[in-house]
Ligand SMILES: [Zn+2]
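In this note's numbering, the protein residues as written are 166 to 321.
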């Protein structure tokens, strides 16, 4: 999910009507049309999901809902919030070295911060041995497991 700050409009203080209530009442008189009843039941579920996910911070659910119910006539072809310079930017895949992976992210064992070396007194360290020689003091295996093997380099 994209990290987007939640956007809230002003608090609505005038009359409110329950959209799902309207549909539920309509369903009551539509029992002779099972397929339409089913569609309306799905709409109720999706509207409830819309509210639940949106207020949990998942703003992309609005776009999903609008597309699903064909309310997306004005939807841009491309995401307008992707910076233009990013679109044609050169990207590279970089294979991380053992040394880079050993300091990647916060260590779950010794709590060393991203970029800091692991504390060897907090548990056995995994080390890299090349031709019989230990070339790095090492890192806690759990930290190495979490570290990616490759990263995508993009200009900022
Ligand atoms: Zn550690």
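Yeah, the Cβ is synthetic: ideal placement off N, Cα and C, and Gly gets one too.
Computed from a predicted structure; not experimentally measured.
CA-CA distance, residue 187 and residue 280?
Within the chain shown, residue 187 is the residue found at index 22, counting from 1. Within the chain shown, residue 280 is the residue found at index 115, counting from 1. Their Cα atoms are separated by approximately 56 Å.
Return helix, strand or coil for residue 300, following the three-state DSSP convention.
Start at 1 with the first residue of the chain shown, and residue 300 comes out as number 135. In this structure, residue 300 counts as strand in the three-state DSSP scheme.
Nearest by alpha-carbon distance to residue 172: which of 224, 305 and 277 is it?
Against the chain shown, residue 172 aligns to sequence position 7. Of the listed residues, the one whose Cα sits closest to residue 172 is 224.
Any chance the stretch 265 to 281 sits against the stretch 223 to 241, with 3 or more Cβ pairs inside 8 Å?
The stretch 265 to 281 is not in contact with the stretch 223 to 241.
For the stretch 259 to 269 and the stretch 289 to 307, state whether three or more C-beta atom pairs, one from each stretch, are separated by less than 8 Å.
Short answer: they touch.
Along the chain, where does the alpha helix (DSSP H) that runs through residue 226 open and close?
As a position in the chain shown, residue 226 is number 61, starting the count at 1. Looking at the DSSP string, the run of the alpha helix (DSSP H) that includes residue 226 is 225 to 233.
So, using beta-carbon positions, are residue 300 and residue 259 closer together than 8 Å?
On the chain shown, residue 300 is found 135 positions in, with the first residue counted as 1. On the chain shown, residue 259 is found 94 positions in, with the first residue counted as 1. The Cβ atoms of residue 300 and residue 259 do not sit closer than 8 Å to each other.
List the DSSP bridge partners of residue 240.
As a working note, residue 240 is residue 75 in the chain shown. Paired residue(s): none; residue 240 is not in a bridge.
Alpha carbon to alpha carbon, how far is residue 195 from residue 205?
Here residue 195 refers to the residue found at position 30 of the chain shown. Here residue 205 refers to the residue found at position 40 of the chain shown. Cα-Cα distance, rounded: 10 Å.
Buried or exposed: which applies to residue 308, given that a residue is buried once 16 or more other Cβ atoms fall within 10 Å of its Cβ?
Within the chain shown, the letter at position 143 stands for residue 308. The residue in question, residue 308, is buried, as its Cβ has 16 or more Cβ neighbours within 10 Å.
Whole angstroms is fine: what's the gap from residue 315's alpha carbon to residue 264's?
The residue labelled residue 315 in the question sits at position 150 within the chain shown. The residue labelled residue 264 in the question sits at position 99 within the chain shown. Looking at the two C-alpha atoms, the distance is approximately 13 Å.
With DSSP as the reference, label residue 196 as helix, strand or coil.
Translated into the one-based positions of the chain shown, residue 196 becomes position 31. Here residue 196 sits in coil by DSSP.
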